[in-house]
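J.:
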Amino acid sequence: MSQISNDVEFKQALEGLSPIKQRTLAAAFVAHVLPLSHDERLNRVVSIAAVEHAMEDELLNALRSARAATFDSHARCGSEGHWNEQAGYFVARAAVAAVTPPAQSRSGGAAWQAAMSSRMARTSMLIDDGEGEPTAPAENEWQYQTLSDYLNANG
Amino acid sequence: MSASLDKGISALKQQVDASVAAFFSSCVHCGICAEACLFYTETGEPERTPINKTEPLRRIWKSEYTLVGRLGKMLGLTKKVDHKLLEEWETLVYDSCTMCGRCSMVCPVGNDITLMIRKTREGMAAAGHAPAGMIGASKRSVEIGSPMGVRLPALRAQIKHVEADTGLKVPLDVVGAEYMLLLSSMEIMNFPEFIEAIAKIFEKAGASWTIATEAFEATNSGIQIGVSDIAAELVQRIVDAAEKLKVTTVISPECGHAYTAIRWDGPNLVGKKFSFKVRHILEVLDEMRQQGRLKTSGMESGKLTYHDPCQISRRGGVIDEPRRLIDMISDNFVEMPDHGKMNWCCGAGGGVSANERADELRLKVFQRKKDQFDAIRPDAIVSACSNCRIHLEDGLEEYNMDIPLLSLTETIAEHLAD
Amino acid sequence: MTEIELLSWARGPGLQIATVIFVAGIVIRFFEILMLGRKANLAEARGSEMSGGLKTMFTRTVPDRATYKRSAFTITAGYLFHFGLFITFFMFAPHILLVKDIFGFGWPSLPTPIVDAFAVITIISLLAVLANRLNNKVMRYLTNFEDLLTWFLTLAPLVTGYIAFHRIGFTAPTLLAMHILSVELLMIVFPFTKLMHAFTLFLARWYNGAISGYKGVAS
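The listed protein sequences correspond, in order, to chains V, L and U. Here our numbering runs 4 ahead of the position in the first sequence, where the first position is 1. Here our numbering runs 371 ahead of the position in the second sequence, where the first position is 1. Here our numbering runs 4 ahead of the position in the third sequence, where the first position is 1.
#1: V:S3 to L:N726, Cα distance in whole Å?
#2: With a Cβ-Cβ cutoff of 7 Å, do L:R686 and L:G472 count as a contact?
#3: Please list, in chain order, the chain L residues whose beta carbon lies closer than 9 Å to that of U:P67.
#4: In this structure, how does DSSP classify U:W13 when only helix, strand and coil are distinguished?
#5: Check for me: the beta strand (DSSP E) holding L:K648 runs from which residue to which?
#6: Output needed in chain order: residues of the segment 519-530 of chain L with a Cβ under 8 Å from some Cβ in chain B.
#7: By DSSP's criteria, V:M59 is part of a beta bridge. Which residues make up the other side?
#8: So L:K741 and L:Y770 are supposed to be a Cβ contact under 8 Å. How far apart are they, rounded?
#9: Establish whether the CB of V:T150 and some CB of chain L are separated by less than 7 Å.
#10: Classify U:G225 as buried or exposed, calling it buried when 16 or more other Cβ atoms lie within 10 Å of its own Cβ.
#11: Alpha helix (DSSP H) containing L:I690: first to last residue?
#12: Compile a chain-ordered list of the residues in the segment 81-92 of chain V whose CB is closer than 9 Å to at least one CB of chain L.
#13: Specify, as a first and last residue, the run of the alpha helix (DSSP H) that L:A393 falls within.
#14: Determine, using beta carbons only, whether U:Y72 comes closer than 7 Å to chain L.
#15: At a CB-CB cut-off below 8 Å, which residues of chain L make contact with U:L38?
#16: Determine, using beta carbons only, whether L:I515 and L:L543 come nearer to each other than 7 Å.
#17: How big is the Cα-Cα spacing for L:A719 and L:A729?
#18: L:L552 lies in the beta strand (DSSP E); which residues open and close that run?
#19: Three Cβ pairs or more, each shorter than 8 Å: is that satisfied between the segment 607-622 of chain L and the segment 543-555 of chain L?
#20: Can you confirm whether L:D536, when its beta carbon is compared against all beta carbons of chain V, has any partner nearer than 7 Å?
#21: In angstroms with no decimal places, state the Cα-to-Cα distance between U:V193 and U:F26.
#22: Please classify U:L138: is it buried, with 16 or more other beta-carbons within 10 angstroms of its beta-carbon, or exposed?
#23: Which residues in the same chain have their Cβ closer than 6 Å to the Cβ of U:P195, if we skip the five residues on either side of it in sequence?
#24: Give me the DSSP bridge partner(s) of L:V753.
#25: Just to confirm before moving on: does the CB-CB distance between L:M711 and L:F737 stay below 7 Å?
#26: Is there contact between the segment 680-697 of chain L and the segment 48-63 of chain V, where contact requires at least three CB pairs shorter than 8 Å?
#27: Between the C-alpha atoms of V:Q84 and L:G507, what's the straight-line distance to the nearest angstrom?
#28: Cα-Cα, which of L:A528, L:V545, L:S579 and L:E654 is closest to L:I559?
#29: What does the alpha-carbon distance come out to for the pair L:F704 and L:D750?
#30: Does DSSP classify L:F704 as helix, strand or coil?
#31: How long is the line joining the alpha carbons of U:T63 and U:A49, rounded to whole angstroms?
#32: Flag V:T127 as yes if its beta-carbon sits less than 7 Å from any beta-carbon of chain L, otherwise no.
#33: Given this structure, state the Cα-to-Cα distance separating U:A208 from L:G481, to the nearest angstrom.
#34: Using C-beta distances below 6 Å, list every residue in its chain close to V:A66, excluding the 5 sequence neighbours before and after it, in chain order.
#35: List the residues of chain L that U:K219 touches, going by C-beta distances under 8 Å, in chain order.
#36: Rounded C-beta distance between L:L553 and L:S599? I'm assuming under 8 Å.
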């Protein structure tokens, strides 16, 4: 029975998984913060990412959708930044990470990147709420638990 | 900051110096500057000719500082500067200009038209004729410390993520650090991985660095709207922090106009030489490379090209450094036609992206960049300005082109040798 | 007034008045510019203002390829008439003699048929330049009365000089008087128009080169 309790273990465990498994876990991470986004395209992206045997062209389309979602939601230089909208931007980025082909994934792998962006989405909401120094431990914990459950269920 | 026509005219008068007078005296209406400006080449609208944008300033120069003009003024024969003119010129001076500097490079008689437009903005803003979006950004800069309203807690939150991701500390308010990093709100909000990249690179290079909690914003809205007082105040905050922390070098991040503001305009705005150096992050990285403190491994696959951010290359002088850095991580680098100091503007700098009214125009003129990319068909585009990145991506998406934009600093960090 | 009297006046008092206004005007214009001054640059220099400024004074004469391609006609016609003006004014024997009379030194001239041919080329280029100015969207937008006036005043000495040389239409003294008067008209208007670029462009280019050179950019 393994229990992930910190980021070092978390990252290591994720990196050890196959690309397909990383993708499906990434999808789970993104799904958890999906309510923070108003972009309906991302629902579809996440559902595609969650399918183990998703086709390459499906994933490519999903990637395009997710990227488009990031462009539509990012803060414009000089405009007043709204962190609650920025949450949507990070959800979109998490979705992009989930469906990015392994070769193009940034360091840490798809699942790690999706996890980080998902946390930032949660944090963005807290910044918007004006809570002093938001730390979003809840999302971390939830992600650790999710990974632990997965590893235990799948040996 | 109450605006009035009198203040506008007064501001314009103040802006006329020997260089401005020499420039206006020499213009022969040849129109070559128009062909260097993407806001003209992609719209075909002659009012967007660069030298035409300076008309308010020209009228003041003529009627106040030339014999013929002053005689004309006495006889009531001069063209006046009034609200009607300034209102008409607002979209020319702001929406149609990023102060990219290409016009200044091609004018046969040598006019620095970009400088003239920058000076014209001082009059426009003082008279109350600047775009609402930019006025908002300036207000937020002065009152909150960031044009986008990013406050310290938000930065701290991003830093926490960065520390979790990298396992490294992001040092705040360290006295005596060698480098003090500034960040643009764009990076804090959209590209926090830039901070990660810095943390990793500097750790490997063994460089001591810090971020000042009292002055972390690099973006200078005062420069963009053209109000030197605001620009000076924003610079002074950085100067105060840098002196308080006794740092050697202040680093300007991947933001174009921030570099112009702090590196070249800064000391002139506050009226004093700096007691510290100012360098762009690319200059710092290149120096580390020269000193053997920056080691990379592996190459990017795919054909890369580099988009020169106008304020960093042409107006900033940092042209070769990015290419030497790209050489470290790519053996398939291709220059686009009109590269280096003559590269074309992304169309979004100088406040254009803060101005929603200019959205349609901005996307239209992107065609110029599209033509450049079409000519070489790169697999990825590297750049060193967050605003350029976002707006190039925006434009590429609009034209259904699938080319990723990479930050040079972040890409270097991804290739750091262990 | 007889044509001889007219010619004498043009060569004598006319030339004196024109010269005084020409020289005084240029001095005033320069004074107007330079007295405004320019603040010293307090930023840390990366390159040299002086070398940047000096270089740009000359390098700006040569357009870069992309710029040339976009404005080929304007640039070519422009250089052609400038070069033509130089040849017809400075390389024509009678003109050189005039200079020798006044200043005491001269220089070799070009054979008259060549100068004559250049006069024609220059007139044609100036006509082409006007056509371009009225045809080109940007130039048309920018063009004002002064542009047309200076164009005319630049063309007039060339045309009157040509017909004076070829004795067309009038008697020699009248033709010559017309030519000299057209030059004098050009001289008195010159300092108060964009024609000053002939001198101020060196200042403008210097400032441009200095500003860029300071940052280490060759402009």
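All residues carry an ideal CB built from backbone N, CA and C; glycine is no exception. Predicted model, so just to flag it, every value in this text is computed and none were measured.
T.: According to the structure data:
#1: There is no way to answer for residue 3 of chain V, as the model of chain V reaches only from 5 to 159.
#2: Working through the second sequence from its first residue, we reach residue 686 of chain L at position 315. Working through the second sequence from its first residue, we reach residue 472 of chain L at position 101. The Cβ atoms of L:R686 and L:G472 lie closer than 7 Å to each other.
#3: In the third sequence, counting from the first residue as 1, residue 67 of chain U sits at position 63. For U:P67, the neighbours in chain L by C-beta distance under 9 Å run, in chain order, I403, V477 and P479.
#4: By one-based count along the third sequence, residue 13 of chain U stands at place 9. Correct three-state label for U:W13: helix.
#5: Translated into positions along the second sequence, residue 648 of chain L becomes position 277. Where L:K648 is concerned, the enclosing beta strand (DSSP E) starts and stops at K648 to H651.
#6: Among the protein chains in the structure shown, which are V, L and U, there is no chain B.
#7: Stepping through the first sequence from its first residue, residue 59 of chain V is reached at position 55. The partner list for V:M59 (beta bridge, DSSP) is empty, contrary to what the question assumes.
#8: The residue you call residue 741 of chain L lines up with position 370 of the second sequence. The residue you call residue 770 of chain L lines up with position 399 of the second sequence. Contact between L:K741 and L:Y770 holds: CB atoms are separated by about 6 Å, below the 8 Å threshold.
#9: For the purposes of this step, residue 150 of chain V is taken as the residue at position 146 of the first sequence. Answer no: the Cβ-Cβ gap between V:T150 and chain L never drops below 7 Å.
#10: Any answer about residue 225 of chain U is impossible in this case: the structure gives chain U only from 5 up to 223.
#11: The residue you call residue 690 of chain L lines up with position 319 of the second sequence. No alpha helix (DSSP H) contains L:I690, which DSSP labels as neither H nor E.
#12: Within the segment 81-92 of chain V, the residues whose Cβ lies closer than 9 Å to some Cβ of chain L are C81, G82, S83, E84, G85, H86, W87 and Q90, listed in chain order.
#13: Here residue 393 of chain L refers to the residue found at position 22 when the second sequence is read from its first residue. Per DSSP, L:A393 belongs to the alpha helix (DSSP H) from A389 to S397.
#14: Counted from its first residue, the third sequence places residue 72 of chain U at position 68. By this cut-off, U:Y72 is not an interface position.
#15: As a first step, residue 38 of chain U is located in the third sequence; it is residue number 34 there, counting from the start. Within 8 Å Cβ-Cβ: A389.
#16: For this step, residue 515 of chain L is matched to residue 144 along the second sequence. For this step, residue 543 of chain L is matched to residue 172 along the second sequence. Taking 7 Å as the Cβ cut-off, L:I515 and L:L543 do not qualify as a contacting pair.
#17: In the second sequence, residue 719 of chain L corresponds to position 348, counting from 1. In the second sequence, residue 729 of chain L corresponds to position 358, counting from 1. Near 9 Å, if we compare the C-alpha coordinates of L:A729 and L:A719.
#18: Numbered from its first residue, the second sequence carries residue 552 of chain L at position 181. From DSSP, the beta strand (DSSP E) with L:L552 extends over Y550 to L552.
#19: With a cut-off of 8 Å, the segment 543-555 of chain L and the segment 607-622 of chain L count as touching, because enough Cβ pairs lie within range.
#20: In the second sequence, counting from the first residue as 1, residue 536 of chain L sits at position 165. Taking Cβ atoms only, chain V reaches closer than 7 Å to L:D536, which makes this a yes.
#21: Taking the first residue of the third sequence as 1, we reach residue 193 of chain U at position 189. Taking the first residue of the third sequence as 1, we reach residue 26 of chain U at position 22. Whole-angstrom Cα-Cα distance: 8 Å.
#22: Locating residue 138 of chain U in the third sequence gives position 134, counting from the first residue. Classification of U:L138: exposed, given that the 10 Å Cβ count is below 16.
#23: On the third sequence, position 191 is the one that residue 195 of chain U refers to. Cβ neighbours of U:P195 beyond the five flanking positions: G29, I30 and R33.
#24: Looking up residue 753 of chain L in the second sequence gives position 382. According to DSSP, which records beta bridges pairwise, L:V753 is partnered with L:Y677 and L:L777.
#25: Counting from 1 along the second sequence, the entry for residue 711 of chain L is found at position 340. Counting from 1 along the second sequence, the entry for residue 737 of chain L is found at position 366. Correcting the residue identity first, residue 711 of chain L is Gly in this sequence and not Met. The answer is no: Cβ separation not under 7 Å.
#26: No, the segment 680-697 of chain L does not touch the segment 48-63 of chain V.
#27: Taking the first residue of the first sequence as 1, we reach residue 84 of chain V at position 80. Taking the first residue of the second sequence as 1, we reach residue 507 of chain L at position 136. Note on residue identity: the sequence assigns Glu, not Gln, to residue 84 of chain V. Looking at the backbone, the Cα of V:E84 and that of L:G507 are separated by about 8 Å.
#28: The residue labelled residue 559 of chain L in the question sits at position 188 within the second sequence. Nearest C-alpha to L:I559: L:A528.
#29: Here residue 704 of chain L corresponds to residue number 333 of the second sequence, with the count starting at 1. Here residue 750 of chain L corresponds to residue number 379 of the second sequence, with the count starting at 1. Whole-angstrom Cα-Cα distance: 10 Å.
#30: Taking the second sequence and counting its residues from 1, the one referred to as residue 704 of chain L is at position 333. Taken through DSSP and simplified to helix, strand or coil, L:F704 comes out as strand.
#31: Within the third sequence, numbered from 1, the residue matching residue 63 of chain U stands at position 59. Within the third sequence, numbered from 1, the residue matching residue 49 of chain U stands at position 45. Their backbone Cα atoms lie some 22 Å apart in a straight line.
#32: Here residue 127 of chain V corresponds to residue number 123 of the first sequence, with the count starting at 1. Nearest CB-CB separation between V:T127 and chain L: below the 7 Å threshold.
#33: Taking the first residue of the third sequence as 1, we reach residue 208 of chain U at position 204. Taking the first residue of the second sequence as 1, we reach residue 481 of chain L at position 110. The straight-line gap from Cα to Cα measures roughly 5 Å.
#34: If you number the first sequence from 1, residue 66 of chain V lands on position 62. Counting only residues of its own chain and dropping the five nearest sequence neighbours on each side, V:A66 has a CB closer than 6 Å to the CB of V49, I52 and V103.
#35: Here the question's residue 219 of chain U lines up with position 215 in the third sequence. Ordered by position in chain L, the residues that pass the 8 Å Cβ test against U:K219 are W635, R686, G687 and G688.
#36: In the second sequence, the residue the question calls residue 553 of chain L occupies position 182. In the second sequence, the residue the question calls residue 599 of chain L occupies position 228. Not a contact, Cβ separation roughly 19 Å.
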